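Novice: Numbering (the working numbering), first residue to last: 2 to 637.
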Ligand code: ADP
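What follows is the structure in structure tokens.
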């Protein structure tokens with residue numbers, strides 16, 4: 002079987018649907034990816050901005066706290082060097098004695114109290130404590146050999162001794178500041194001040210700050226969280242461990258490592274680190290991310306490190322991610338709605354345009370059709386005008402023909418009319434001559450009788466000429482005619498011929514008023530009766546029937562004769578102009594044509610019937626204007 006189009010054949014129905022489904026699926030996936038992308042972008046952007054803000058804030062915090070730490074550790078710097086100015090201390094170092102020691106002990110005790118330090122003490126160059134502020138306490142340093150302490154070793158060499166450590170006697174952590182006491186160029190002893198820095202830790206805790214200070218060995222000496230205290234921020238080699246153990250700097254602490262689970266450098270000395278969070282049971286409960294910023298502290302080999310939790314920033318980033326995704330989704334929905342609206346508007350516009358086009362097309366067709374119609378109308382008007390002119394011309398021609406026909410009839414009848422008139426004229430001449438003679442003789446009665454006859458003859462002649470004049474008169478298309486009058490006038494005109502060749506005329510009609518001009522009806526009857534008389538010729542039995550029937554508003558008059566009838570081959574030519582079978586100048590062949598056109602002009606018709614019993618019957622149908630009285634039958 003042939004397919005209607007190759008395109009429909011090539012693509013099965015199922016496949017025509019699939020690309021659309023596929024497109025929708027693809028679009029959904031793309032939009033989903035867009036939403037996720039927006040969410041991710043929001044997250045990353047918020048994270049970056051948040052990190053930058055945190056870093057800036059952290060930088061400020063770091064700077065502030067570093068200054069605070071620096072001022073805290075430098076405010077005692079001058080203290081050990083002050084002892085150089087004290088004579089009692091100098092004398093004790095030069096020549097120790099119980100009395101001098103006691104004086105210096107008291108002095109150091111007072112000084113220590115006022116400065117708020119942990120302990121203040123003086124060592125000789127061998128590292129033995131000669132006097133100390135805590136001489137009264139059981140954990141007094143008095144007499145202890147502290148030559149192993151790094152701060153002593155530095156100070157005795159003339160270098161400032163700075164040291165954070167845990168006291169070997171008290172087990173108390175503190176910051177040791179040592180100063181070599183000079184006598185001229187020679188160092189005669191070492192003055193040491195031990196201060197506590199835990200005020201800083203408390204301040205950090207109050208401010209909910211997570212920070213720590215690591216010393217030159219990478220050991221956290223100060224921390225806002227006690228858990229971080231005395232932990233190594235980087236791995237310690239075995240040598241370092243041994244050295245530290247020997248110096249007892251951190252007493253017997255294990256110095257565990259505080260290593261982050263992950264470390265991501267973010268540039269500019271900033272790192273993101275994650276530490277395992279301590280759980281309720283002391284076990285790790287999951288990592289906590291921090292922004293780690295650190296800077297060295299002035300005049301010390303120490304570093305201050307600030308840890309800013311990223312928890313809130315992460316939450317904010319997630320919120321922004323959701324916000325981004327939501328905004329993207331909103332935009333997509335808005336876009337889809339706008340697209341849908343655009344489609345609807347486009348469809349409406351297309352429909353309106355199509356409607357407009359259809360309208361324009363319709364208007365164009367209407368205009369074309371109107372132009373055609375008006376052209377046809379013009380043509381019709383012209384045709385009507387032409388037809389009217391032709392009709393008028395025809396009518397005029399017809400009138401002239403009718404007139405010519407009448408004149409022809411009159412011409413035909415002229416011989417018999419002349420004969421008809423000659424007879425009374427001859428009689429008149431004779432009667433008038435006789436009357437004169439009778440008058441001369443005085444036979445008045447006879448003369449009177451003659452004159453009466455003369456009057457009758459004149460009347461008769463007047464009637465003949467009157468009917469001729471009436472017949473010759475022009476008629477109109479409209480008018481009324483009396484059937485009786487018309488028949489009488491027609492028979493009057495044909496009287497001479499009827500006298501010559503009598504015929505039995507049977508009247509079987511009632512008088513009626515018919516819708517035709519009187520003379521025209523007379524002319525039709527003269528033609529029909531005349532033709533019947535001609536057809537019957539000189540046959541012995543000449544009969545003529547005039548019968549009328551009224552049918553509603555129509556009247557049918559039949560003129561029938563018992564002549565020879567009309568040969569079948571001639572019947573179709575009867576109403577043709579100039580068709581005649583009459584010899585010589587007897588026939589013009591216009592009688593029936595004119596009679597038919599006169600009947601038609603009056604709204605009627607003229608037809609012919611060929612009765613089976615012989616003869617010919619012409620049927621004249623005309624409008625009946627007045628109802629006819631009851632039919633009467635008579636013979637002529
Ligand atoms: P015309 O009388 O001048 O011949 P008509 O038109 O009156 O012209 O008649 C045409 C012809 O029709 C006549 O010549 C005649 O042959 C035929 N015709 C008319 N009436 C009759 C009739 N009653 N019987 C037989 N023939 C007739």
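Just so you know, even glycine gets a beta-carbon here, dropped at the ideal spot from N, CA and C. Note that the structure is predicted; figures quoted are calculated from it, not measured.
Using only the alpha-carbon positions, how far apart do residue 322 and residue 301 sit?
Specialist: For the purposes of this step, residue 322 is identified with residue 321 of the chain shown, where counting begins at 1. For the purposes of this step, residue 301 is identified with residue 300 of the chain shown, where counting begins at 1. Spanning the two alpha carbons is a distance of roughly 44 Å.
Novice: With 16 other CB atoms within 10 Å as the buried threshold, where does residue 502 fall?
Specialist: For the purposes of this step, residue 502 is taken as the residue at position 501 of the chain shown. When all chains shown are included, residue 502 counts as exposed.
Novice: Around the C-beta of residue 215, are 16 or more other C-beta atoms found within 10 angstroms, so that it is buried, or is it exposed?
Specialist: The residue labelled residue 215 in the question sits at position 214 within the chain shown. That one is buried.
Novice: Below 8 Å, is the gap between the Cβ of residue 567 and the nearest heavy atom of ligand 1?
Specialist: Taking the first residue of the chain shown as 1, we reach residue 567 at position 566. Because some heavy atom of ligand 1 lies under 8 Å away, the Cβ of residue 567 counts as near it: yes.
Novice: List the endpoints of the continuous beta strand (DSSP E) containing residue 620.
Specialist: For the purposes of this step, residue 620 is identified with residue 619 of the chain shown, where counting begins at 1. Unbroken beta strand (DSSP E) run through residue 620: 617-627.
Novice: Using DSSP's beta-bridge definition, name the partner residues of residue 329.
Specialist: Mapped onto the chain shown, residue 329 falls at position 328. In DSSP, residue 329 forms no bridge with anything.
Novice: So for residue 149, helix, strand or coil by DSSP?
Specialist: Against the chain shown, residue 149 aligns to sequence position 148. Coil at residue 149, not helix or strand.
Novice: Ignore the nearest five residues each way along the sequence and tell me which others in residue 89's own chain have a CB closer than 7 Å to its CB.
Specialist: As a position in the chain shown, residue 89 is number 88, starting the count at 1. Cβ neighbours of residue 89 beyond the five flanking positions: 101, 104, 105 and 108.
Novice: Straight-line CA distance for residue 375 to residue 625?
Specialist: Counting from one through the chain shown, the residue named residue 375 turns up at place 374. Counting from one through the chain shown, the residue named residue 625 turns up at place 624. When rounded, the distance between both Cα atoms is 41 Å.
Novice: Classify residue 277 as helix, strand or coil using the three-state DSSP reduction.
Specialist: Along the chain shown, one-based indexing puts residue 277 at 276. Looking at residue 277 - three-state DSSP - the assignment turns out to be strand.
Novice: From residue 515 to residue 524, what distance separates their C-alpha atoms?
Specialist: Translated into the one-based positions of the chain shown, residue 515 becomes position 514. Translated into the one-based positions of the chain shown, residue 524 becomes position 523. The alpha-carbon atoms of residue 515 and residue 524 are separated by roughly 14 Å.
Novice: On a CA-only basis, which of 377, 405 and 318 is nearest residue 47? Give me that one, please.
Specialist: Position 46 of the chain shown holds residue 47. Of the candidates 377, 405 and 318, the one whose C-alpha sits nearest the C-alpha of residue 47 is 318.
Novice: Residue 340 to residue 314, Cα distance in whole Å?
Specialist: Translated into the one-based positions of the chain shown, residue 340 becomes position 339. Translated into the one-based positions of the chain shown, residue 314 becomes position 313. Near 37 Å, if we compare the C-alpha coordinates of residue 314 and residue 340.
Novice: From 98, 627, 614 and 608, pick the residue whose C-alpha is nearest to that of residue 621; which is it?
Specialist: Your numbering for residue 621 matches position 620 in the chain shown. Nearest C-alpha to residue 621: 608.
Novice: DSSP three-state call for residue 127: helix, strand or coil?
Specialist: What you label residue 127 is simply residue 126 of the chain shown in a count that begins at 1. Residue 127: coil per DSSP, three-state reduction.
Novice: On the criterion of 16 or more Cβ atoms from any shown chain inside 10 Å, does residue 466 qualify as buried, or is it exposed?
Specialist: By one-based count along the chain shown, residue 466 stands at place 465. That one is exposed.
Novice: First and last residue of the alpha helix (DSSP H) that includes residue 587?
Specialist: As a working mapping, residue 587 is identified with position 586 in the chain shown. Residue 587 -> no alpha helix (DSSP H), and no H or E assigned at all.
Novice: Around the C-beta of residue 554, are 16 or more other C-beta atoms found within 10 angstroms, so that it is buried, or is it exposed?
Specialist: If you number the chain shown from 1, residue 554 lands on position 553. Classification of residue 554: exposed, given that the 10 Å Cβ count is below 16.
Novice: Please report the residue range of the alpha helix (DSSP H) in which residue 486 lies.
Specialist: Taking the chain shown and counting its residues from 1, the one referred to as residue 486 is at position 485. Its alpha helix (DSSP H) spans residues 484-494.
Novice: Just to check, is the beta-carbon of residue 536 closer than 8 Å to a non-hydrogen atom of ligand 1?
Specialist: To locate residue 536, count along the chain shown from 1; it is residue 535. Under cutoff, so the answer is yes.
Novice: Quick one: Cα of residue 34 to Cα of residue 354, how far?
Specialist: Within the chain shown, numbered from 1, the residue matching residue 34 stands at position 33. Within the chain shown, numbered from 1, the residue matching residue 354 stands at position 353. Going from the Cα of residue 34 to the Cα of residue 354 covers about 39 Å.
Novice: With respect to the beta strand (DSSP E) encompassing residue 193, which residues constitute its N-terminal and C-terminal limits?
Specialist: For the purposes of this step, residue 193 is taken as residue 192 along the chain shown, with counting starting at 1. Segment 187-196, the beta strand (DSSP E) holding residue 193.
Novice: I need the boundaries of the beta strand (DSSP E) containing residue 546, first residue and last residue.
Specialist: Locating residue 546 in the chain shown gives position 545, where the first residue counts as 1. From DSSP, the beta strand (DSSP E) with residue 546 extends over 544-552.
Novice: Can you name the start and end residues of the beta strand (DSSP E) that residue 215 belongs to?
Specialist: The residue you call residue 215 lines up with position 214 of the chain shown. 211-215 is the extent of the beta strand (DSSP E) around residue 215.
Novice: When the Cα atoms are used, what is the spatial distance from residue 117 to residue 192?
Specialist: Start at 1 with the first residue of the chain shown, and residue 117 comes out as number 116. Start at 1 with the first residue of the chain shown, and residue 192 comes out as number 191. Residue 117 and residue 192: Cα-Cα distance of roughly 16 Å.
Novice: Tell me, please, whether the CB atom of residue 142 is closer than 9 Å to any CB atom in chain B?
Specialist: Within the model displayed, chain B is absent; a lone protein chain is all it includes.
Novice: Taking residue 257 and residue 225 to be in contact with their CB atoms under 8 Å, please state how far apart those CB atoms are, rounded to whole angstroms.
Specialist: By 1-based counting over the chain shown, the position of residue 257 is 256. By 1-based counting over the chain shown, the position of residue 225 is 224. Contact doesn't hold; Cβ gap of about 18 Å is too wide.
Novice: Should residue 205 go down as buried or exposed, given a rule of 16 or more other Cβ atoms within 10 Å for buried?
Specialist: Taking the first residue of the chain shown as 1, we reach residue 205 at position 204. Residue 205 comes out buried.
Novice: I'd like to check one pair, residue 174 with residue 166: are the Cβ atoms closer than 9 Å?
Specialist: Stepping through the chain shown from its first residue, residue 166 is reached at position 165. Stepping through the chain shown from its first residue, residue 174 is reached at position 173. Their beta carbons are under 9 Å apart, which means residue 166 touches residue 174 by this criterion.
Novice: Kindly indicate which three-state DSSP category residue 637 falls into: helix, strand or coil?
Specialist: Position 636 of the chain shown holds residue 637. For residue 637, the predicted model reports a pLDDT of 43, less than 50, meaning its position is unreliable; a value from the coordinates is still stated below. The answer is coil: DSSP assigns residue 637 none of H, G, I, E or B.
Novice: What are the partner residues of residue 293, as DSSP defines its beta bridges?
Specialist: To locate residue 293, count along the chain shown from 1; it is residue 292. Paired residues: 272 and 308.
Novice: Looking at the secondary structure, which residues open and close the alpha helix (DSSP H) in which residue 233 lies?
Specialist: Mapped onto the chain shown, residue 233 falls at position 232. Here residue 233 belongs to no alpha helix (DSSP H), and DSSP marks it neither H nor E.
Novice: According to DSSP, is residue 99 part of a helix, a strand, or is it coil?
Specialist: Here residue 99 is taken as the residue at index 98 of the chain shown, counted from 1. Three-state result, residue 99: helix.
Novice: Excluding sequence positions up to five away, which residues of its chain have a Cβ less than 8 Å from the Cβ of residue 44?
Specialist: The sequence position of residue 44 within the chain shown is 43, counting from 1. The residues are 318, 319, 321, 322 and 325.
Novice: With burial defined as no fewer than 16 other Cβ atoms inside 10 Å of the residue's Cβ, what is the status of residue 552: buried or exposed?
Specialist: Within the chain shown, numbered from 1, the residue matching residue 552 stands at position 551. Burial call: exposed.
Novice: Report buried or exposed for residue 79, applying the criterion of at least 16 other Cβ atoms within 10 angstroms of its Cβ.
Specialist: Along the chain shown, one-based indexing puts residue 79 at 78. Exposed: under 16 other Cβ atoms inside 10 Å.
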